[in-house]
Amino acid sequence: MGRFTEATAPSWVLTAADNIAKALDVARKDILDLAVTPPKPEMGDLAVPMFQYAKARKVAPPVIAKEIAPKAGGAGYAISAEGPYVNLRADRAALLEDVIGRVREAKDRFGHAAPDPEKTAAIDYSSPNIAKPLALHHLRSTMIGNAIARILRANGFTVYGINYVGDWGTQFGYMIAVHEHDAPEKFEKLTLDDFVKTYVSQRKLAETDPSVEEKARNAFLRLEQGDASARRVWEKARSASLAKFKQVYDMLGVEFQDDMYIGESFFSPMLDGVIQEAKQKGVAKEDQGAIIVDLSAHGIDTPALLQKSDGATLYATRDIASAKFRHDKLGGDRREWQCLYVVDQGQSLHFKQVFKVMELLGYPWADRLKHVPFGVMLVWSDEDQGWIKGKTRAGNVVLLEDVLNEATKRVVKIIDARNPELADKEATARAIGVGAVVFNDLKNKRTNDIKFKFEDALSLEGETGPYIHNALVRTKSILRKAARPVPSTYDVKLLSHAREGEIAVLLAGFKEAVARAGLEYDPSLICRFLLDLAGAFHAFHHDCLVLDDANKALSDARLVLVDCVRLVLENGMMLVGLQPIEAM
Ligand code: ARG
83 MGRFTEATAP SWVLTAADNI AKALDVARKD ILDLAVTPPK PEMGDLAVPM
133 FQYAKARKVA PPVIAKEIAP KAGGAGYAIS AEGPYVNLRA DRAALLEDVI
183 GRVREAKDRF GHAAPDPEKT AAIDYSSPNI AKPLALHHLR STMIGNAIAR
233 ILRANGFTVY GINYVGDWGT QFGYMIAVHE HDAPEKFEKL TLDDFVKTYV
283 SQRKLAETDP SVEEKARNAF LRLEQGDASA RRVWEKARSA SLAKFKQVYD
333 MLGVEFQDDM YIGESFFSPM LDGVIQEAKQ KGVAKEDQGA IIVDLSAHGI
383 DTPALLQKSD GATLYATRDI ASAKFRHDKL GGDRREWQCL YVVDQGQSLH
433 FKQVFKVMEL LGYPWADRLK HVPFGVMLVW SDEDQGWIKG KTRAGNVVLL
483 EDVLNEATKR VVKIIDARNP ELADKEATAR AIGVGAVVFN DLKNKRTNDI
533 KFKFEDALSL EGETGPYIHN ALVRTKSILR KAARPVPSTY DVKLLSHARE
583 GEIAVLLAGF KEAVARAGLE YDPSLICRFL LDLAGAFHAF HHDCLVLDDA
633 NKALSDARLV LVDCVRLVLE NGMMLVGLQP IEAM
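Sequential numbering from 83 applies to the sequence shown in the numbering used here.
Structure below.
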């Protein structure tokens, strides 16, 4: 796939692709699909390979390139043949003028598409289990989902961010059995921690004492039957957990609407209906007392289990009910509805099964359900001197909150050493520290496994959050030092330095990055863009003097450009959940 689509390519690219297409007598889209970024900047901004056209005409690719280049010239770009490629280079002044104008007009909507009522998306992300702590590995679903939600909004979608909390299951039996008889004062004060401890210790007891499990099973049965006393403990476990989750979401700048915490429990009254429907439609059958859907004819060897032989319903059954709900209530009446599940790749089979069952049940929108998987996160452990999967040697999970606090603490230390007078030190350190952890998570292709190590994530050099924050802070410091408003008029011809041209090319490609990140559900494309723009800005800052009293006109033009970089950095940062700051 090429770098540009017809909807998002900058106008000079469209013109050039048009002219090349005409010269070759093919469609513009074909040219856009083929176009690639040349390996070196001096080779131009875009290159169109001629191999496939050469083959069709039975001549060597360079011959076609030489023939096409002179025929496909136009306004706004230069064109040349370079071996088997036709190379394009945007005219810098025209591009700068165009893109600066558009950035200044659209401001914080630069790069965004207009809202489209037909585009709706239900996105399931974070979705932790109640009565378990938010562990470091929850970062991935939470932040990838948060970024995809923001990116799709920027692409014109109405987005429903759903937190499908795991708030149903036999584990609640243990907590009910223990806490149902707590004295009111004690009960009121129960926290997530207490419930976690109860569950862990009860499970331990159950290993040697079968009556513990028996009691828990009975308690859960009562919960399912709507018993008030059981329900009271369940509600407490749920609300104590959500209160804690929300604290951590706050630290991350993640927010779910209150009515979007639609967890597994919400669907438990609908499960009998699901099973009846699946039986009536001939999709499900009984198998040794259980109810299953045999999917072997559809290339899925493991049957989907809807009900166990003891009558308990399952994860899959709840997901079937919830998919219907999402379609019926969360935008499914719109033409471009999508229903995404941002869940780790370990659950691929589960989603394959659920989606296939929806299709077999005859829901024509089943093909809109998409699993958006991601790789695992490995954490560097000083203790083990190696990469671990989120559990310490002692078997404790690494808490997300602890990692965010530790990152912040380390940034405070760095600031204390570099800039102890900084105003807002705590808040700034938090934005940088949390941003570092988040950026580390998002910067690689979504499906890759990622590695987290404090020293690497917090480094000011390299592909890090702090590197992006540093670029942003530099733009702001220049704008502050100018001590005058950003000029409203400027002379674009003065922006003739190669570094300024590089920035123009990047800014002009932002919308494309946003569009593609939305199509591929991959925030790393925005991270890549931010790294490129930050890098180009650092280079510009190094090579070009902005504040120069001896040359006010040039200073004015450069201030305008710096302000555009600031704005687009901020826009990109918002999309991936990095919080802008003023200084560092
Ligand atoms: N609560 C599940 C877990 O922690 C994730 C839920 C994902 N969403 C879904 N619709 N199944 O593994």
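Virtual Cβ for every residue (Gly too), placed ideally from N, Cα, C.
| query | result |
| --- | --- |
| Quick one: any contact between the stretch 454-466 and the stretch 424-433, if contact means 3 or more CB pairs under 8 Å? | yes |
| Among Glu664, Ile244, Phe349, Lys634, which has the Cα closest to the Cα of Arg648? | Glu664 |
| Checking contacts by CB at 7 Å: is Val130 closer than that to chain B? | In the structure shown, chain B does not exist; there is a single protein chain. |
| Compute the distance between the beta-carbons of Met374 and Leu387, then report whether it is under 7 Å. | The displayed chain sequence assigns Ile, not Met, to residue 374. Result yes, Cβ atoms of Ile374 and Leu387 sit closer than 7 Å. |
| For my contact list, Pro292 and Leu481 are in at a C-beta cut-off of 8 Å; report their separation, rounded to the angstrom. | The pair is not a contact, with the Cβ atoms about 32 Å apart (cut-off 8 Å). |
| For Ala505, count neighbouring C-beta atoms within 10 Å of its own C-beta (all shown protein chains included) and say buried if the count is 16 or more, exposed if not. | exposed |
| If you draw a straight line from the alpha carbon of Gln661 to that of Pro143, how long is it in whole angstroms? | 48 Å |
| Can you check which of these residues, Ala217, Pro131, Ala99, is closest to Asp484 by C-alpha distance? | Ala217 |
| Can the beta-carbon of Val365 be found closer than 7 Å to that of Leu451? | no |
| Please report the straight-line C-alpha distance between Gly515 and Ala599, rounded to a whole angstrom. | 24 Å |
| By DSSP's criteria, Ser637 is part of a beta bridge. Which residues make up the other side? | None, per the DSSP bridge assignment. |
| How big is the Cα-Cα spacing for Ser350 and Val247? | 13 Å |
| For Asp369, which of helix, strand or coil comes out of DSSP? | strand |
| Is it buried or exposed, Asn228, if we count other Cβ atoms within 10 angstroms and call 16 or more buried? | buried |
| Given that a residue counts as buried once 16 or more other Cβ atoms are within 10 Å of its Cβ, and exposed if not, what is Leu721? | Any question about residue 721 goes unanswered here, given that the chain covers just 83 to 666. |
| Please report the straight-line C-alpha distance between Val95 and Glu582, rounded to a whole angstrom. | 19 Å |
| What residue range does the alpha helix (DSSP H) around Gln362 cover? | 353-362 |
| Could you tell me the distance, in whole angstroms, from the CA atom of Glu310 to the CA atom of Leu554? | What sits at residue 310 in the sequence shown is Ala, not Glu. The straight-line gap from Cα to Cα measures roughly 54 Å. |
| In whole angstroms, what separates the C-alpha of Trp316 from that of His432? | 26 Å |
| Between Ala89 and Asp604, what straight-line distance do the alpha-carbon atoms span, to the nearest angstrom? | 19 Å |
| Any heavy atom of the ligand ARG closer than 6 Å to the CB of Ser391? | no |
| Use the C-beta contact count for Ala595: other C-beta atoms within 10 angstroms, 16 or more gives buried, fewer gives exposed. | buried |
| Using three-state DSSP, classify Ser463 as helix, strand or coil. | strand |
| Do you know offhand how far Asn653's Cα is from Gly155's? | 34 Å |
| Relative to the alpha-carbon of Asp173, which residue among Gly126, Asp573, Phe86 has its alpha-carbon at the smallest distance? | Gly126 |
| What residue range does the alpha helix (DSSP H) around Arg174 cover? | 174-188 |
| Along the chain, which unbroken stretches of the alpha helix (DSSP H) at least 4 residues long are found entirely within the stretch 226-276? | 253-261, 266-270 |
| Any heavy atom of the ligand ARG closer than 6 Å to the beta-carbon of Asp401? | yes |
| For Leu613 versus Val568, is the C-beta distance shorter than 7 Å? | no |
| Using DSSP with H/G/I as helix, E/B as strand and the rest coil, what is Pro292? | helix |
| Is any non-hydrogen atom of the ligand ARG found closer than 6 Å to the C-beta of Asn211, if you look at the structure I gave you? | yes |
| Inspect the CB distances between the stretch 367-383 and the stretch 330-338 and report whether three or more fall short of 8 Å. | no |
| Return the first residue and the last residue of the beta strand (DSSP E) that Val130 is part of. | 128-131 |
| Taking the alpha-carbon positions, what's the Ala489 to Ala513 distance? | 10 Å |
| For the stretch 244-262 and the stretch 286-303, state whether three or more C-beta atom pairs, one from each stretch, are separated by less than 8 Å. | yes |
| So, for Ala99: in the same chain, excluding its five sequence neighbours on each side, which residues have a beta-carbon less than 6 Å away from its beta-carbon? | Arg110, Ile113, Leu114 |
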